[in-house]
Structures are given as structure tokens and as C-alpha cells.
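2 protein chains.
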Amino acid sequence: MTDSLPNDQISCPLPLPHQQVIVMGHGSGGKMTHDLIKKTFYKALGNPILLSKDDAANIGITEGCKLAVSIDSHVVFPLFFPGGDIGRLAVCGTVNDVSMLGAVPMYLTAGFILEEGLEVSILEKVLASMRVAAQEAGVYIVAGDTKVVQKGKADGLYISTCGIGKIPPGIEISGLCAQPGDVVILSGTIGDHGIAVLEARNELGFTSGIKSDVAPLNHLVEAILSTGSTIHVLRDPTRGGLATTLNEIASQSQVCITLNESSIPVTSEVMAVCELLGYDPLYVANEGKIIVILPEQFACDVFTKMQNTPYGERSAIIGRVIDAPKGRVLMKTSLGTTRIVDMLSGEMLPRIC
Amino acid sequence: MTDSLPNDQISCPLPLPHQQVIVMGHGSGGKMTHDLIKKTFYKALGNPILLSKDDAANIGITEGCKLAVSIDSHVVFPLFFPGGDIGRLAVCGTVNDVSMLGAVPMYLTAGFILEEGLEVSILEKVLASMRVAAQEAGVYIVAGDTKVVQKGKADGLYISTCGIGKIPPGIEISGLCAQPGDVVILSGTIGDHGIAVLEARNELGFTSGIKSDVAPLNHLVEAILSTGSTIHVLRDPTRGGLATTLNEIASQSQVCITLNESSIPVTSEVMAVCELLGYDPLYVANEGKIIVILPEQFACDVFTKMQNTPYGERSAIIGRVIDAPKGRVLMKTSLGTTRIVDMLSGEMLPRIC
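Those protein sequences? They're chains R and G, same order as listed.
Per this note's numbering, numbering through the first sequence is continuous, rising by one, with the last residue being 1371.
Per this note's numbering, numbering through the second sequence is continuous, rising by one, with the last residue being 1371.
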């Protein structure tokens, strides 16, 4: 199109051959941005709503309902790790947050911050991973945005995803709803994501074989709700780990949560790495696990259903909700003593998601 | 709380006195994250939905309707500029994108990426600015997320905002809808935002007195729609400027848009700076302007209404839609010649929003 450029238009450096890397011009909002979006983003994520190319996506809600809305900015380092990458994480993290209100996630929007010099092939790999994760979850990415910052002002790329889901009638699930007498179920082993990311950073010094558990959990939530059971709380124990998330719930609901140490599933590989490095798996991030808190009468049905559903096979009943001390999480250790499990304080594993 | 920390919990550096700066621990998901959110984010942006503290916000849609959804990542440099800052920009940019489908913006979600070492007082200033802008627009920030990256992996802070609005029944506004015979109205002067940001970067070498036009345009859109006129296209000419946005519309609708150079409002200050630096104001970003494209019969009503509404006082009829050459924008210059106005190619002003 060079021959049709008016003389007064600002000239600019062209991208490197074959558009191999991101340059500042890709963030201009002009032709280069449009080319990148068309050739890279639309190719990977295109669907009729996204392709309408308006400033906002037009989505229909067929009847009056409650919606669950959530946003997450993803800055995981490195971008690729055993079992996943930032793209899968960005889709699953937001799908899961929306699902934790019992909602059926429907639409995602995604904002990308790209660092100048990023290889386009890396972006394409991340987008392909987003597409696969979105397909698995059954959600559409309906709107997006791309910005470029100078080299040294980001770390490859960051992705912010916002999710919208529909809360079925009659569902009232919240961290506020845990009640004394409730049972606490965990959908599988803890610590896998955090340790997999550490390994990708070469911080282990050896190969553990541990993979991130990053997965969309909406179908597992659907399975849980399909039992017709009353569910009080659903929450995914991500950053800060199981300990921090349970503390959040105990505080929100003003109850005490008691855990049995021996019931909490941890693989021997994760346990070995944690012992070696001095980590407590209770504080290590997960990206494919749910905590379910529900009345005892429904626990057996839900537990069985979870064990027979993908991503829930290693579910375990890990504790109980009691009245007091309010806002506390207590753990009966395998030695028979009881200790306070506090919220993570400060930094443990930065940029884990 | 130090006395209640279990022995096996990872110790971490405490924040600097009075939590003056952001440290990596603020991104841990643990106590420090919670403290930051409570003392800084909730204080500035708190509302009942945000304060529910669940993984997602629960919003109600009272009847079946269409929703407009949009996301934008904001990386403007510097964070503060004459007339605005990244906080006001993050709210207005997304409010405006949602409004451009004719929707009434209702809810925002915001994801923050903070650079280690950022002064908390800067974050507080940005959040206060978001609160003011959200109040002016009449929207609620219902969900948020905060991540921290190491020094040198961001540039102070980045904000991704996703907006949700309700499209009133009967409204069908899209970049696809421009038709030959339509009139093109612009809501005011162009180039102010881009030049204000340049000045904040000390790139002018002098003080121009130009302020960014960053503003929420939803009330102006409401005023336009209140005339009962048929509106074909609404679009805000941000990154890439008026020229790029009109090219997008011409391409989407497969029409030609013709402009009269002498009708396009530009302040003498912006014109002087552009002439000095070799910029064309047609390509300089705006953050508080709308392009309205509508059938001629409604143009007078809408134009008058716009001139009598805040943020629309300097509205002008700048051109027409004709049939061909399709996908092109042409401009009749003040010399009487006609030239092609192409889309911005490559980089002109990086990190302008």
C-alpha cells in the first residue's frame, strides 16, 4: 500500500522480515496493528462476535438473569512451563473464577500487553493454546485489545482476561455461605502448578516430572451442580495456595475450618520437592483445583460425582466447618496435634500466575 | 500477627515503613495482597458488589437484553499528563468503547499490573482518579485483580479494564452500518490527547497549555440517542486518530467517507505544535471525541443536541458518506484538491493510551 500513502503521513520503520518480532508500530492502532490482529489474533481466536470488529462486542442474554464477572491479569514467568503456558492459564484462570459462583462461563475478553522484540511465533503459540483451552471450556473470546511497550517495560507478554458467565436460577454460592457442620472437599492434589513453574525457572536444579494442573474447571462445577445438591462455597485455591484460600473463606463466612493433614492429597513428587526447598505445599499455587464446601447430607453424592469426573478423580474430603474460633483455619497434624494454618504472609513464589 | 505464624510458613521481607512502595509480596495473594487491596483499592473504589470478595462479581440483568462488552489494556506513558492520568484514561477508554454500540455502560472490572518499587501514593492517586471518572460516568467497578512484577518488568503500572453495558432495545449501531448519503459529525477538536501526552514526556521543549480531552462520553451518547434519531455508527477516534478510525469504518461498511478539511475542528495550539513537529492532527489520538454517522434527515437535530451537551460543544459536521471508492477516506483540502486519507501505518506515538 506504500504507493497510496499521502505525503504528509508519518513514515515509520517497517517490521523485520516476515514480521518475526513485535515492534512498537504493532501498538500504533494503525495498519501494523490491524495486520497483526488479522493475521495472528483473528486466525487463532476468530468467531463471529469477535470478528464484528466494533469497539465492543455485542452479546445477547436471552432472559433476565444474574451474571458472574471476573478479571485476572496474568504475568506468569516463564511463559511456558510443564503442563501449560500463559495462554492456557489466562483462559482457565478466568473460566474458573467465573465458575466459582456456580456460573456457566460464556464469554471472555482478552487484553494483551506485548513487549517490543517478542517473537511473533511465541505469541502464536500462546494464542493457539488459548484457543484449545477456550474450546475445552466451551467459551468464546469476544473482544480483545493489544498494546505494545518498549523492550524492558514488560516481560514477553502479559494477558488480562475478563470472563462473563450466567448464574443458573436458584444458585447462591459465595465465600460468605460456609456454615458450621459443612464438609470440605478438595478436587485433587495440591502444589503441582507452583512447583512446575519453579522447575521451568530452573530453580529446582533437577527434573521432577511434575506438571502444572492448569485446567478449565467449569465442567467439573457443572457435574457437581448436576447432582442437585446444595453447595455453599466453591473456590479455586490459586495464588497463596489452599491455606490462603481457606483463610479467606473462614474470614468471609466467620467460621472455623478444620483440616486433617493426612487427608490432603499431595503427590510424593511435590512433597519431595517441597521438603527439599523448604516449601509448605499448603501455600503453593494450584490452577486446576476446587474447594467445595457443602452440607454433610450432600457430601457423599458430590464426592462420588467428582471422583468420576475429569479433573476430579483424586478428590478427597479434607475437613469440616465448625463454629469457632471464627475466621481461623486449624489443622490436625499426622502427629495428632492441632496447629493454626495462617494466610500466606508476603512473597513466596512471585509471578506464579 | 507474627506471633501466630506457624513455624513452617515461609518468612518474607516486610514492606518498607508505612507501605510506601510496592514490593513483590504485594503480588503474593497472601496477607500483603489483602492488606493492599483493603487499604488502597477498596478504600478508593469500594461498592457492595466489589466488596463481596468472591472470585467473580455477581451482577443482575433484570430482563433479556443485549450486552456490549469491551476490554482495553492501558499502558500510557507517562502515568500523569495535562488533563488526565492512566486512571481516568482506563475508566473513560472502556466506558467509551461500550458506549459506541449505543449501550449504557454499567459495570467495569479492572486488572492492575504493578511494578515493584511503585510508590503506593501514586497508586492511590490513580485509584482516586478512577473513582472520580467512574462516578462521572455512573458506572461501578465490580471486580479487580492485582499482580506485581519485578522492577524493570513494567513501567509503574498498567491497567486493563473490561466494561459491560446494556444495549437499549431497538438500537443497532455498528461500524458496519454507514450508508451512502449519511452525514459525518465529529464531537469536537482533534489531537488534544496525543499532544498533551507528548508534552508530559517533555518532547515539545516548551509548554503548550494543551490538555488531554480524556472524558467519559456515555452521557453525550445518551443525549444523541434521546433525540430518537436513527444512528448508524458511533466510534471514538483514539489510537491512530480520526484518519485511522474513519478508514476502519469505511472498510467495515464498504463505503467511501469524504471530509472537508476546513470543517475539522483543531485548536490553533494543537495545529501549531503539529506543524512544528511534523505531525498530522488527523493521526493524533483523542480520548474524548465521538464520530457520529447518521442519515441526513436526523443530522440537524443530533448536531444541535451535541452542541448543547457537555463534551460536544465544539461539534462539527465534517463530511459525508458516498458509495465509492469503497473502503476509502477522501479529503477535500482547503486548496480545493482531493487527497486520499490513509490509515496510520506503523508507529507514530507509542503508548499514547
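Each residue gets a CB set at the ideal place from its N, CA and C atoms; glycine is no exception.
**Item:** Euclidean distance between Cα positions of Leu1034 (chain R) and Thr1262 (chain R)
**Value:** Low per-residue confidence applies at Leu1034 (chain R): pLDDT is 44, beneath 50, and the placement is therefore not dependable enough to give any value.
**Message:** With the cut-off set at 9 Å, would you say Ala1075 (chain R) and Leu1068 (chain R) are in Cβ contact?
**Reply:** yes
**Request:** Excluding the 5 residues preceding and the 5 following Val1374 (chain R) in the sequence, name in chain order all residues of the same chain whose CB lies nearer than 6 Å to its CB.
**Result:** This structure leaves residue 1374 (chain R) out entirely; chain R is present only between 1019 and 1371.
**Asked** Contact check, Phe1098 (chain G) vs Ala1172 (chain G) under 8 Å by CB: the rounded distance?
**Response** About 16 Å; that fails the 8 Å criterion.
**Asked** chain G partners of Val1087 (chain R), CB-CB under 7 Å?
**Response** Ala1074, Ala1075, Ile1077, Tyr1125, Thr1127, Val1160, Ala1161 and Ile1182
**Asked** So, is Lys1307 (chain R) buried or exposed, given that buried needs 16 or more other C-beta atoms within 10 angstroms?
**Response** buried
**Contacts around Glu1287 (chain R), its chain only, beta-carbon distance under 7 Å, and the 5 residues preceding and following it disregarded** = Ser1226, Gly1227 and Ile1228
**Prompt:** Who does Tyr1125 (chain G) pair with in a DSSP beta bridge?
**Reply:** G:Tyr1158 and G:Ile1182
**Request:** Kindly list the residues whose CB is nearer than 7 Å to the CB of Pro1299 (chain G), restricted to its own chain and excluding five residues on each side of it in sequence; keep chain order.
**Result:** Ile1208, Gly1209, Val1284, Val1288, Met1289 and Cys1292
**Prompt:** Apart from the five residues on each side of it in sequence, which residues of its chain come closer than 6 Å, Cβ to Cβ, to Cys1195 (chain G)?
**Reply:** His1250 and Val1251
**Closest Cα partner of Ile1370 (chain R) within the set R:Asn1304, R:Val1310 and R:Arg1346** = R:Asn1304
**Prompt:** Buried or exposed: where does Glu1314 (chain G) fall if 16 or more other Cβ atoms within 10 Å of its Cβ makes it buried?
**Reply:** exposed
**Request:** Could you tell me which uninterrupted alpha helix (DSSP H) segments, each at least 4 residues in length, are contained entirely in the segment 1310-1337 of chain G, listed from first to last along the chain?
**Result:** 1314-1325
**Prompt:** Where does Val1239 (chain R) sit, in a helix, a strand or coil, going by DSSP?
**Reply:** helix
**Prompt:** Who are the Cβ neighbours of Leu1277 (chain G) in its own chain at under 6 Å, not counting the five residues just before and after it?
**Reply:** Ile1336, Gly1337 and Met1349
**Prompt:** Does DSSP put Gly1354 (chain R) in a helix, in a strand, or in coil?
**Reply:** coil
**Asked** Which residues in chain R sit within 7 Å of Thr1058 (chain G), going by Cβ to Cβ distance?
**Response** In chain order: nothing, as chain R lies at least about 16 Å away.
**Prompt:** Where in the segment 1259-1302 of chain G do unbroken runs of the beta strand (DSSP E), each at least 3 residues long, occur, reported from the N-terminal end onward?
**Reply:** 1274-1278
**Request:** Assess, as a yes-or-no matter, whether the segment 1180-1196 of chain G is touched by the segment 1264-1279 of chain G under the definition of 3 or more beta carbon pairs within less than 8 Å.
**Result:** yes
**Prompt:** If you draw a straight line from the C-alpha of Lys1184 (chain G) to the C-alpha of Gly1120 (chain G), how long is it?
**Reply:** 9 Å
**Pairwise C-alpha distance: Val1273 (chain R) and Ile1340 (chain R)** = 6 Å
**Asked** If you measure beta-carbon to beta-carbon, which residues of the segment 1305-1331 of chain R are closer than 7 Å to chain G?
**Response** none
**Request:** Give the DSSP-derived three-state secondary structure of Ile1249 (chain R) in the structure shown.
**Result:** coil
**Prompt:** From G:Ser1244, G:Val1359 and G:Leu1294, pick the residue whose C-alpha is nearest to that of Asp1319 (chain G); which is it?
**Reply:** G:Ser1244
**Message:** If the cut-off is 7 Å on Cβ atoms, which residues from the segment 1134-1147 of chain R count as contacting chain G, listed in chain order?
**Reply:** none
**Prompt:** Using the rule of at least 16 other Cβ atoms within 10 Å of the residue's Cβ for burial, across every protein chain shown, is Asn1326 (chain G) buried or exposed?
**Reply:** exposed
**Item:** Distance, Val1116 (chain G) Cα to Lys1323 (chain G) Cα
**Value:** 21 Å
**Message:** Pop quiz: Ser1205 (chain G) and Gly1330 (chain G) are said to be a contact at Cβ under 8 Å. What is the actual Cβ separation, rounded to whole angstroms?
**Reply:** 5 Å
**Prompt:** Among G:Val1138, G:Ile1311 and G:Arg1253, which residue has its Cα nearest to the Cα of Val1113 (chain G)?
**Reply:** G:Arg1253
**Message:** Measuring alpha carbon to alpha carbon, tell me which residue in R:Leu1132, R:Ile1131 and R:Cys1110 is nearest Ile1159 (chain R).
**Reply:** R:Cys1110
**Asked** How would you list, in chain order, the residues of chain G whose beta-carbon sits under 9 Å from the beta-carbon of Val1166 (chain R)?
**Response** Val1093, Glu1365, Pro1368 and Arg1369
**Asked** Would a C-beta distance cut-off of 9 Å place Cys1392 (chain R) and Ser1070 (chain G) closer than the cut-off?
**Response** In the structure displayed, chain R extends from 1019 to 1371; residue 1392 (chain R) sits before or after that span and is not available.
**Request:** Under 8 Å by Cβ, that's how I've got Gly1129 (chain G) and Ile1089 (chain R) pegged, so tell me the actual separation to the nearest angstrom.
**Result:** 5 Å
**N-terminal and C-terminal residue of the beta strand (DSSP E) that Ser1088 (chain R) is part of** = Cys1083 to His1092
**Item:** Whether Asp1360 (chain G) touches Ser1091 (chain R) by CB criterion (9 Å)
**Value:** no
**Asked** Which residues of chain R have a Cβ atom closer than 9 Å to the Cβ of Arg1253 (chain G), listed in chain order?
**Response** Asp1072 and Asp1073
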